[in-house]
Amino acid sequence: MARHHRFNRLRRLGTLASALIVACGILTACASGNDDSPEISSTQEPTETPVVEATALTGAPRIGEAVWTSAIQSESNAPIALVPQVTDDTIYAVFPIESLPAGSQLVASWFFNDTSLDALNTATRVDQDRVSGWIEFHIERVGAEPWPDGEYQVVVTDGTNELQRAVITIS
Numbered sequence: 007m008a009r010h011h012r013f014n015r016l017r018r019l020g021t022l023a024s025a026l027i028v029a030c031g032i033l034t035a036c037a038s039g040n041d042d043s044p045e046i047s048s049t050q051e052p053t054e055t056p057v058v059e060a061t062a063l064t065g066a067p068r069i070g071e072a073v074w075t076s077a078i079q080s081e082s083n084a085p086i087a088l089v090p091q092v093t094d095d096t097i098y099a100v101f102p103i104e105s106l107p108a109g110s111q112l113v114a115s116w117f118f119n120d121t122s123l124d125a126l127n128t129a130t131r132v133d134q135d136r137v138s139g140w141i142e143f144h145i146e147r148v149g150a151e152p153w154p155d156g157e158y159q160v161v162v163t164d165g166t167n168e169l170q171r172a173v174i175t176i177s
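Taking my numbering, I'd label the letters of the sequence shown as residues 7 to 177.
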């Protein structure tokens with residue numbers, strides 16, 4: 007019985023081998039027939055790689071050192087006045103913009119004589135790429151009392167990393 011089983015197995019393998027030979031013959035005949043595909047020139051010009059220029063700023067925001075002032079131009083935030091005095095209503099820390107990618111968030115934390123003025127902290131989000139101009143942060147005096155004498159400090163971060171720190175003494 008084992009001999010009969012072995013014979014059937016060899017017979018099936020022979021049939022499979024015959025079918026494979028016929029299929030290869032058909033494929034060879036198709037490949038050697040009339041070819042309507044376009045000819046490929048051996049002198050093709052190399053494809054030029056387009057230069058891709060970034061259209062959006064990348065990387066961390068960058069601002070220059072603070073300019074302290076008591077007034078700014080409303081349309082540009084550029085400083086236009088002298089150093090703030092105790093009698094001024096507003097103290098501005100104005101920073102020249104080096105690179106502010108759209109979506110950047112800047113947080114200004116204010117201190118007076120090394121004491122945090124948490125209620126005066128502000129945050130701003132940049133809505134478009136900027137590589138020039140000014141960005142300002144300010145504190146305003148409420149009431150008739152002048153600014154207390156001492157050191158006012160602003161620390162500007164991107165929410166995580168410190169970008170600039172500036173101190174002014176008012177007396």
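Think of the CB as a built atom: it goes at the ideal place given N, C-alpha and C, for glycine as much as any other residue.
Which residue or residues does DSSP assign as beta-bridge partners of residue i?
| i | result |
| --- | --- |
| Val92 | DSSP, once it has assigned bridges, lists no residue as partnering Val92. |
| Gly165 | For Gly165, which the question treats as bridged, DSSP gives no partner whatsoever. |
| Thr75 | Tyr98 |
| Val160 | Trp116, Ala172 |
| Thr128 | Ala114 |
| Thr64 | According to DSSP, Thr64 bridges with nothing at all. |
| Ser3 | Here the chain has residues from 7 to 177 only, and residue 3 is not among them. |
| Ile103 | Ile69 |
| Pro85 | Ile78 |
Would you kindly work out how many angstroms separate the C-alpha atoms of residue i and residue j, rounded to a whole number?
| i | j | result |
| --- | --- | --- |
| Gly165 | Gln111 | 7 Å |
| His179 | Asn83 | The chain is shown from 7 up to 177; residue 179 falls before or after that span and cannot be answered. |
| Arg68 | Val132 | 12 Å |
| Leu63 | Trp140 | 17 Å |
| Asn167 | Glu142 | 18 Å |
| Thr163 | Gln170 | 7 Å |
| Val161 | Thr75 | 16 Å |
| Gly70 | Asp95 | 25 Å |
| Trp116 | Val173 | 10 Å |
| Ile103 | Arg136 | 7 Å |
| Glu81 | Glu157 | 29 Å |
| Pro154 | Thr175 | 10 Å |
| Ser105 | Gln134 | 11 Å |
Need the endpoints of the beta strand (DSSP E) that residue i sits in, please.
| i | result |
| --- | --- |
| Ser115 | 111 to 118 |
| Glu142 | 140 to 146 |
Would you call residue i buried or exposed, if buried means 16 or more other Cβ atoms sit within 10 Å of its Cβ?
| i | result |
| --- | --- |
| Gln79 | exposed |
| Gln159 | buried |
| Pro152 | exposed |
| Val148 | exposed |
| Val92 | exposed |
| Leu88 | exposed |
| Ser72 | Note that residue 72 corresponds to Ala in the displayed sequence, not to Ser. Burial call: buried. |
| Pro85 | buried |
| Val100 | buried |
| Ser177 | exposed |
| Ala114 | buried |
| Pro90 | buried |
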